[in-house]
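All you need for our numbering is the position in the first sequence, starting with 1, plus 483.
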Amino acid sequence: MNSIEKKVVTRFAPSPTGFLHIGGVRTAIFSYLYAKKMGGTFILRIEDTDKEREVAGSIEHIMESLRWLNIEWDYGPDKPGTFGSCIQSERLASYKKYALQLIDKGLAYPDPYTKEEVEKFRQDAEAQKKPFLFRNYRPETFDEWDGSKPLRLKVPEVKRYVWEDAVRGQLEAGEEMLDDIVLIKSDGYPTYNFAHIIDDLEMGVTHIMRADEFIASQPKFLSIYDALEIPYPVFVSLPPILRDDRTKKLGKRDGAKDILDYRTEGYLPEAMFNFLTLIGWNPGTEKEVFTKDELINEFDLHRIQKSGGAFNEEKLKWLNKEHLNSLSASKYKELVLKAIPAKYTGLPSFTEDRLEKLMPVIRERTHIMADVTTAFEVCEYDFVFTDPDVSLDILRFKKDPDVHSAAPRLQHLALLLETADFSSPDTIKSAVWDYAEQEGRGEVLWPMRVALTGLERSPDPFTVAYIIGQTDTLRRLQAAYDKIGHAK
RNA sequence: GGCCCUAUCGUCUAACGGUUAGGACGGAGCCUUCUCAAGGCUUAAAUCAGGGUUCGAUUCCCUGUAGGGUCACCA
């Protein structure tokens with residue numbers, strides 16, 4: 484075919500055997516990005532031909548994961564196309580149709596042996612230190628296929644295959660990889676090897692992006708294309724995502740998490756999308772923070788890496804903060820509100836005004852949204868809504884350990900702040916600054932901040948005073964002053 | 001083991017065969033500072049090894065080494 488503009492069609496084809504992890508999602512992202520970049524179509528196909536391994540609820544879980552990441556599919560389990568369903572178990576008729584074609588051509592035949600017999604062949608071959616090839620046991624004449632036996636391909640030609648991979652360039656593999664592989668299992672379901680080729684054909688898939696672990700099987704796939712006499716799509720082998728220590732591919736067994744766990748932990752889908760795109764691909768520029776639309780625009784098959792990359796959570800955290808920072812004020816506030824523990828929301832001090840003033844403080848101290856919850860839980864922000872119980876020990880400024888010397892300073896601060904302008908942290912600062920300079924900044928500001936927050940470590944006193952307002956500020960200064968007065 | 005693939009700072013990565021091998025995360029240091037953050041600046045840190053080809057290899061070729069993948073009625 485020599486159509487000038489063949490519309491790009493890509494697909495992401497997970498099997499419903501559980502959740503989606505980092506690696507799977509990255510494959511989905513690349514497929515999606517390329518389709519969108521080329522103005523093409525992206526298909527979500529469910530490869531549920533192994534009924535043993537299937538896990539109930541997986542399909543919904545996979546769709547939810549992709550939706551979270553804002554990866555939308557043009558066709559999917561919930562949106563069939565003119566080609567029919569996107570769920571393989573609902574496409575059995577198609578596989579049968581092409582299987583019959585191959586039988587007619589004499590290129591497929593039922594396996595006459597029992598499982599045990601085949602297993603014995605395999606062991607014999609192994610004992611002789613030779614690779615097991617079913618085609619060495621191929622029967623002379625083929626029986627009729629009644630569906631009770633596995634249907635095998637008769638390899639059309641045993642030869643060395645050479646093919647193009649958009650990432651690896653020219654690849655080749657020898658005849659030892661070619662065999663009479665099973666096309667349709669004895670349970671009536673097709674194998675991956677066969678089903679994906681039929682589906683890609685019927686769905687018009689132009690580019691197959693998948694993990695590079697499939698490279699080894701490529702000659703088998705190509706022999707099926709040849710037997711069917713159909714053209715090859717473009718093969719795009721994606722490098723693996725490795726474990727942190729780079730020792731092996733990240734997999735479920737090595738603690739690869741459900742992608743939705745990252746949602747629970749408070750990561751932004753935009754950050755995750757951005758981050759995953761940058762493992763195994765880069766734009767060739769020094770820009771690293773991207774929106775989805777920018778990535779669609781920049782994405783390019785030729786800059787996909789050959790070698791595997793490790794998943795580095797530290798960098799994800801950083802990227803998440805970058806994305807957090809670019810959020811609009813209203814969107815940010817919405818997220819923070821979800822993260823604040825419920826025990827605060829009923830408090831009379833939980834006012835719109837306080838919340839609004841608190842936002843920039845949280846924004847500058849937060850990398851992932853879970854940090855907000857954590858901060859409240861360890862009382863880092865408790866002072867915002869609750870008067871602190873100030874401990875005299877903390878109130879004591881290191882360089883002037885006599886807590887009694889803080890009392891007159893608190894008193895003077897209260898005096899200054901009584902008439903101060905509370906319209907911004909800066910105006911509060913200017914009200915007390917001269918005094919602080921004169922007495923010693925630490926000597927004045929430390930007790931002030933501690934009186935307001937009860938914390939050794941917190942945002943600066945001016946910001947705190949601004950958030951809680953004049954009334955509470957004065958009351959807290961007074962409370963601390965009183966406490967010192969009672970101290971021995 | 002056979003076959004296949006890969007190899008630049010700790011990590012993600014850049015570099016038409018000619019660069020002081022660049023950027024980012026993380027690290028260290030400094031600045032800012034009442035504290036903790038945030039921010040700014042500075043800095044350490046890499047071409048797996050050995051042979052070729054070439055005036056010149058991170059880049060091309062070979063060998064070795066290391067790592068990974070795959071050899072199912074799993075995908």
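Backbone N, C-alpha and C define an ideal beta-carbon position, used for all residues, glycine too.
Length of the line joining the Cα atoms of residue i and residue j
i	j	result
leucine 875	lysine 966	8 Å
lysine 912	isoleucine 877	22 Å
leucine 527	threonine 760	18 Å
asparagine 676	phenylalanine 704	6 Å
glutamine 961	leucine 820	31 Å
glutamine 953	phenylalanine 905	7 Å
proline 942	tyrosine 949	11 Å
phenylalanine 615	tyrosine 578	27 Å
serine 498	lysine 735	14 Å
leucine 711	arginine 746	44 Å
leucine 957	tyrosine 750	38 Å
asparagine 485	asparagine 795	Residue placement at asparagine 485 is poorly supported in this model, since its pLDDT is 44, which falls under 50; the coordinates still yield a value, given next. Near 43 Å, if we compare the C-alpha coordinates of asparagine 795 and asparagine 485.
leucine 938	lysine 800	26 Å
glycine 589	leucine 743	48 Å
phenylalanine 566	leucine 810	40 Å
lysine 881	aspartate 909	26 Å
tyrosine 558	cysteine 569	7 Å
glycine 657	serine 700	11 Å
tyrosine 708	aspartate 607	31 Å
arginine 729	glycine 791	9 Å
proline 831	aspartate 865	14 Å
threonine 857	tyrosine 964	31 Å
lysine 732	phenylalanine 833	48 Å
isoleucine 787	leucine 841	42 Å
phenylalanine 525	lysine 519	8 Å
aspartate 773	alanine 649	Before going on, a small fix: residue 773 reads as phenylalanine here, not aspartate. So the alpha carbons of these two residues sit roughly 24 Å apart.
Counted within 10 angstroms of its Cβ, other Cβ atoms place residue i as buried (16 or more) or exposed
i	result
tyrosine 655	One detail in the question is off: residue 655 reads as glutamate in this sequence, not tyrosine. Burial call: exposed.
alanine 919	buried
valine 861	exposed
lysine 775	buried
serine 631	exposed
glutamate 548	According to the sequence shown, residue 548 is serine rather than glutamate. Looking at its Cβ environment, which holds 16 or more other Cβ atoms inside 10 Å, serine 548 is buried.
glutamate 753	buried
alanine 825	exposed
asparagine 757	buried
arginine 940	exposed
arginine 879	buried
arginine 550	exposed
glycine 763	buried
leucine 516	buried
alanine 897	buried
arginine 536	exposed
lysine 534	exposed
Contact belief for residue i with residue j at Cβ below 8 Å, rounded distance in angstroms
i	j	result
valine 491	methionine 686	Valine 491 to methionine 686, Cβ: 12 Å. No contact.
proline 633	aspartate 594	5 Å
valine 983	valine 873	One cannot answer for residue 983 here, as it falls past the ends of the chain, which runs 484 to 971.
glutamate 530	glutamine 571	5 Å
arginine 643	tyrosine 592	With a Cβ gap of about 24 Å, arginine 643 and tyrosine 592 do not count as contacting.
serine 720	isoleucine 698	5 Å
methionine 852	alanine 822	5 Å
lysine 789	arginine 651	6 Å
glycine 755	leucine 552	Note that residue 755 is methionine in the sequence shown, not glycine. Confirmed, Cβ separation roughly 6 Å.
phenylalanine 718	tryptophan 646	7 Å
Check: residue i C-beta below 7 Å from any heavy atom of the ligand GTP
i	result
glutamate 839	For the ligand GTP, the structure offers nothing, since it holds no ligand at all.
CA nearest to the CA of residue i, picked from the options
i	options	result
glycine 522	Thr689, Ser548, Asp682	Thr689
aspartate 695	Gly506, Ala903, Leu900, Arg924	Gly506
threonine 597	Phe617, Leu841, Ala610, Ala518	Phe617
methionine 931	Ala903, His895, Ser907	His895
valine 641	Ile664, Ile951, Glu926, His806	Ile664
valine 915	Lys534, Ser888, Pro944	Pro944
serine 514	Gly540, Val538, Trp551, Glu555	Glu555
leucine 900	Trp628, Gly923, Arg959, Ala889	Arg959
isoleucine 545	Lys534, Leu575, Ala511	Ala511
glutamate 839	Ile951, Ala576, Lys798	Ile951
lysine 740	Phe495, Gly501, Ala496	Gly501
alanine 678	Ala576, Pro884, Val538	Ala576
aspartate 682	Arg605, Asn780, Arg574	Arg574
Which runs of the alpha helix (DSSP H) spanning at least 4 residues fall entirely within the stretch 891–927, listed in chain order?
-> 908–922
In the stretch 592–672, which residue ranges form an unbroken beta strand (DSSP E) of at least 3 residues, counting only runs that do not cross its ends?
-> 634–636, 644–648, 652–656, 665–667
At 4 residues or longer, and completely inside the stretch 825–861: list those alpha helix (DSSP H) runs for me, N to C.
-> 825–828, 835–848, 853–860
For the stretch 756–829, which segments carrying the alpha helix (DSSP H) assignment without a break, of at least 4 residues, lie completely within its bounds, in sequence order?
-> 775–781, 796–808, 812–822, 825–828
In the stretch 685–770, which residue ranges form an unbroken beta strand (DSSP E) of at least 3 residues, counting only runs that do not cross its ends?
-> 690–694, 717–721
Ranges of the alpha helix (DSSP H) found wholly within the stretch 524–597, counting only runs of at least 4 = 541–551, 575–587
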